[in-house]
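Q:
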Amino acid sequence: LAFRGSVLPFSRFGAVKMLKLFGSLRPSAALFRTAAAAEPNHGRFRTNRTETKRTHSYSQRAAVRAALAQDPSWISEYICKALPLLTAQDNEVSYLVPWSRLKSPPQQGGVFELATFRMRPGGPAVWGGAFQAAMSAHDAPGYGKLLGAFHSEFGLLNRVHALWWFESADHRAECRHKAHTDARVVAAVRNSVAHLDSQRNQLMFPCTFSPMK
Numbered sequence: 007l008a009f010r011g012s013v014l015p016f017s018r019f020g021a022v023k024m025l026k027l028f029g030s031l032r033p034s035a036a037l038f039r040t041a042a043a044a045e046p047n048h049g050r051f052r053t054n055r056t057e058t059k060r061t062h063s064y065s066q067r068a069a070v071r072a073a074l075a076q077d078p079s080w081i082s083e084y085i086c087k088a089l090p091l092l093t094a095q096d097n098e099v100s101y102l103v104p105w106s107r108l109k110s111p112p113q114q115g116g117v118f119e120l121a122t123f124r125m126r127p128g129g130p131a132v133w134g135g136a137f138q139a140a141m142s143a144h145d146a147p148g149y150g151k152l153l154g155a156f157h158s159e160f161g162l163l164n165r166v167h168a169l170w171w172f173e174s175a176d177h178r179a180e181c182r183h184k185a186h187t188d189a190r191v192v193a194a195v196r197n198s199v200a201h202l203d204s205q206r207n208q209l210m211f212p213c214t215f216s217p218m219k
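Heads up, the final residue of the sequence shown is numbered 219 in the numbering used here, and it's a clean run with no missing numbers.
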């Protein structure tokens with residue numbers, strides 16, 4: 007799954023590898039890039055690249071990693087080329103929250119928004135109901151298309167990702183304006199933010215080779 011942006015979904019669970027890259031990067035070398043990645047620095051730029059890998063168990067993930075380590079083409083065609091561009095790396099394993107199902111965009115094109123929430127400790131048993139209500143209050147009336155919601159298992163804990171689809175950035179802005187005047191959305195969000203420490207979002211565009219373009 008490829009985007010010029012950040013994180014994308016995992017079926018049962020997925021390992022999210024966040025890499026900060028330094029140098030010129032070909033589109034084919036990045037699964038995800040943020041929309042505002044360019045940052046001049048002595049003629050070069052910095053960008054974030056995120057990989058998501060679907061696996062069904064930790065033992066399968068370990069076996070895949072071991073096999074890749076012995077694959078000459080993986081070493082020569084990827085690792086050797088990526089390492090000179092790498093300045094930092096952060097791994098995260100996340101699951102779909104119990105009530106979420108992974109969906110496809112309703113049509114080709116559009117833009118994706120990755121909203122990341124840092125929740126207070128306690129897990130879905132504490133904040134799950136309120137968070138689901140807030141997401142559903144946006145999704146059900148059509149203020150956005152929720153493609154999946156994920157909860158971190160390893161990495162930075164108590165973090166939830168919600169992946170949304172919109173027809174365009176202007177469509178997203180219009181939907182948000184309408185949502186802010188919807189009393190049901192306001193009430194649901196008010197209940198959910200009681201469990202929230204911080205949040206951030208990223209606007210993402212699908213790469214030409216992305217299955218979700």
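Ideal Cβ placement from N, Cα and C applies to all residues, glycine included.
Using only alpha-carbon positions, find the residue among G150, E159, R190 that is nearest to F172.
A: Against the sequence shown, residue 172 aligns to sequence position 166. The candidate whose alpha carbon is nearest that of F172 is G150.
Q: Does the distance from the CB of V195 to the CB of A140 come in under 9 Å?
A: Counted from its first residue, the sequence shown places residue 195 at position 189. Counted from its first residue, the sequence shown places residue 140 at position 134. In contact: V195 and A140 (Cβ atoms closer than 9 Å).
Q: Nearest to F118 by alpha carbon, out of M125, K109, R124, E159?
A: Within the sequence shown, numbered from 1, the residue matching residue 118 stands at position 112. With distances taken between Cα atoms, F118 lies closest to K109.
Q: Is A121 helix, strand or coil when you go by DSSP?
A: Residue numbering aside, residue 121 sits at position 115 when the sequence shown is read from its first letter. Of the three classes helix, strand and coil, the one that applies to A121 here is strand, per DSSP.
Q: For S198, I'd like the list of residues in its chain whose CB is within less than 8 Å of its CB, leaving aside the five on either flank, ordered along the chain.
A: In the sequence shown, the residue the question calls residue 198 occupies position 192. W133, A136, F137, A139, A140, listed in sequence order.
Q: Look at the alpha carbon of P212 and the alpha carbon of E159, and state the distance between them as a whole number of angstroms.
A: Position 206 of the sequence shown holds residue 212. Position 153 of the sequence shown holds residue 159. Approximately 26 Å between the Cα atoms of the pair.
Q: Let's test the definition: count the other Cβ atoms within 10 Å of the Cβ of H183 and tell me whether it reaches 16, buried, or not, exposed.
A: Taking the first residue of the sequence shown as position 1, residue 183 is located at position 177. Classification of H183: exposed, given that the 10 Å Cβ count is below 16.
Q: List the endpoints of the continuous alpha helix (DSSP H) containing Q113.
A: If you number the sequence shown from 1, residue 113 lands on position 107. Counting along the chain, Q113 falls outside any alpha helix (DSSP H), and DSSP gives it neither H nor E.
Q: Where does E98 land, buried or exposed, given buried means 16+ other C-beta within 10 angstroms?
A: Numbered from its first residue, the sequence shown carries residue 98 at position 92. E98 comes out buried.
Q: Between the beta-carbon of D176 and the beta-carbon of A143, is there less than 9 Å?
A: Stepping through the sequence shown from its first residue, residue 176 is reached at position 170. Stepping through the sequence shown from its first residue, residue 143 is reached at position 137. Their beta carbons are not under 9 Å apart, which means D176 does not touch A143 by this criterion.
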